[in-house]
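Numbering (the working numbering), first residue to last: 505 to 736.
Glycine is no exception: its CB is placed at the ideal position from the N, C-alpha and C atoms.
For clarity, every value in this text was computed on a predicted model and none was experimentally measured.
Read through the structure below, which is laid out as structure tokens, and then see the notes.
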């Protein structure tokens with residue numbers, strides 16, 4: 505069985521998607537954005553905050569540094585100018601632009617918890633970080649075909665929930681960490697990570713059967729189905 509841990513539903517055939525987290529948007533003041541040249545977005549949820557908080561128009565003059573294909577897609581649809589679009593995480597952005605951002609002013613809209621230190625990555629730039637959303641534990645979740653909504657603290661043992669050789673796709677470090685903290689891990693499980701930061705989070709806890717997917721969810725799903733077919 506293939507399980508996809510991400511926010512929101514997914515209609516991919518023969519894939520069960522669920523999350524132990526939910527997104528909470530925060531109140532934040534951006535100040536005078538005219539002092540910035542670039543806007544750094546590493547998640548579509550930062551863009552959703554922009555739209556929800558009516559800050560879109562004031563940010564249209566900034567060049568977008570986007571990490572994630574979906575984030576870039578949503579930015580373009582919203583009328584923002586995407587200067588850089590990458591899928592390999594912050595390191596790819598830094599390596600691709602090299603010293604192109606030196607002494608440049610960057611506004612970074614971020615989650616309360618991130619997998620990297622932006623101030624260290626952009627230490628040669630003038631960076632301002634604004635926390636606009638956070639991932640919080642959801643008291644209920646749903647796993648199709650296994651059980652109805654269940655309080656997280658009253659779960660049955662992991663072995664009774666997931667079959668042997670189950671394949672898990674993690675879309676973000678927070679999804680892996682929340683799953684690992686609740687369920688732990690089994691040696692027969694397979695872990696596929698979308699993006700470098702997610703793979704780094706996996707690598708801290710898992711030593712085998714972990715796969716890095718650079719090109720997003722579609723690549724992960726293809727690899728997961730190949731693994732599933734090879735076992736049949």
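Whole-angstrom distance between residue j and residue i, CA atom to CA atom
| i | j | result |
| --- | --- | --- |
| residue 653 | residue 511 | Residue placement at residue 653 cannot be trusted, given a pLDDT of 46 that sits under 50; the coordinates are not used to answer. |
| residue 616 | residue 678 | 11 Å |
| residue 624 | residue 595 | 11 Å |
| residue 545 | residue 569 | 6 Å |
| residue 542 | residue 572 | 16 Å |
| residue 712 | residue 692 | 10 Å |
| residue 550 | residue 537 | 16 Å |
| residue 620 | residue 731 | 30 Å |
| residue 614 | residue 719 | 22 Å |
| residue 702 | residue 640 | 18 Å |
| residue 560 | residue 609 | 19 Å |
| residue 557 | residue 527 | 15 Å |
| residue 618 | residue 705 | 11 Å |
| residue 586 | residue 717 | 23 Å |
Coarse secondary structure for residue i, derived from DSSP in three states
| i | result |
| --- | --- |
| residue 633 | strand |
| residue 549 | helix |
| residue 615 | strand |
| residue 722 | helix |
| residue 734 | helix |
| residue 668 | coil |
| residue 638 | strand |
| residue 623 | helix |
| residue 528 | strand |
| residue 544 | strand |
| residue 605 | helix |
| residue 555 | helix |
beta-carbon residue i near the ligand NAP non-hydrogen atom, thresh 7 Å
| i | result |
| --- | --- |
| residue 536 | Summarising the ligand content, the structure contains no ligands, and the ligand NAP is consequently not present. |
Residue i, buried or exposed, once every other Cβ within 10 Å from all chains shown has been counted against 16
| i | result |
| --- | --- |
| residue 535 | exposed |
| residue 524 | buried |
| residue 676 | buried |
| residue 583 | exposed |
| residue 726 | exposed |
| residue 548 | buried |
| residue 699 | buried |
| residue 521 | buried |
| residue 590 | buried |
| residue 468 | As shown, the chain starts at 505 and ends at 736. That puts residue 468 outside it, with no answer to give. |
| residue 604 | exposed |
| residue 733 | exposed |
Any beta strand (DSSP E) of 3 or more consecutive residues that is wholly inside the stretch 671-714:
671-674 and 694-698
Ignoring anything shorter than 4 residues, give me the alpha helix (DSSP H) runs that lie fully in the stretch 563-602, in order along the chain.
573-581 and 594-601
Does the count of Cβ pairs from the stretch 627-635 and the stretch 681-690 closer than 8 Å reach three?
no
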